[in-house]
Amino acid sequence: MFKLRDHWKPILFFIFALVFITVFLAIVKIQIEKNPEIISETRDFAKSYGLLGGFLTAFIGSQWFLPFPYELIVVPIMKLYKPTIIALLFIAVRSTVADIVNFYTGRKLGEKYILKRIEKKTAERIQNFLTKYGVATLVIFSFIGPVTSYDIVSFAVGGFSKMEFKTFLPVTFACRVIHFTVALLLADFLLRAAGIAL
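Those letters in the sequence shown? Residues 1 to 198, by UniProt numbering.
Below is the structure:
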């Protein structure tokens, strides 16, 4: 039987994630309306560097130690490349490869690195949470923008959870495909709402 009091933390976490997404999207929409030349500059980059640029941007931007919101670059590349599904899968594979690096870096260095910065008791709580809700955490963070949050979580899951790689890999790839699909749909919505054609 489902008892709300037993699951309040993941529910609260999910609500926080939805609020975060809403605020992030509102900020993006306002920035696009204030500075529409961002779109043309991004379009020029996408045309100049194409799928290879998206491939490299996704790999570099997906490193836990150098995260940046690369959706601003890869979404126009995915929109301009036809068929879009090929570009989406190509960039999702590249992000997944970077997350594999994050996962194994987390396995080798994560716990030692984090324990230098937080208390052991806090680290144990994080480990218990990620061991219990690791897959759910990956799925939820795949919807949170920017994508940088997922990169850091993949490092933390590698360092703190007991999740096996054979679970991490398909979940991460599916999450990346979902994330970039949602990013494309949201970009279409925001650009249409702002009256900007890409």
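No residue lacks a Cβ here, since even glycine has one placed at the ideal position from N, Cα and C.
Excluding residues up to 5 positions away in sequence, 78 and 180 lie with their Cβ nearer than 6 angstroms to the Cβ of residue 88 in the same chain. Of the candidates 133, 108, 39 and 155, the residue whose Cα lies closest to the Cα of residue 8 is 133. Per the coordinates, the alpha-carbon of residue 190 lies some 22 angstroms from the alpha-carbon of residue 50.
When secondary structure is reduced to three states using DSSP, residue 49 falls in the helix class. Here residue 137 is buried. Its C-beta has 16 or more other C-beta atoms within 10 Å.
Counting along the chain, the unbroken alpha helix (DSSP H) around residue 134 starts and ends at 120-143. The shortest C-alpha to C-alpha distance from residue 130 to any of 188, 27, 86 and 168 is the one to 168. Under the three-state reduction of DSSP output, residue 117 falls in the coil class, being neither helix nor strand. For the pair of segments examined, the segment 104-115 was found to touch the segment 156-166: the number of CB pairs separated by less than 8 angstroms reaches three.
Residue 127 places its beta carbon 8 angstroms or farther from that of residue 154.
Here residue 176 is near residue 92, since their CB atoms are less than 8 angstroms apart.
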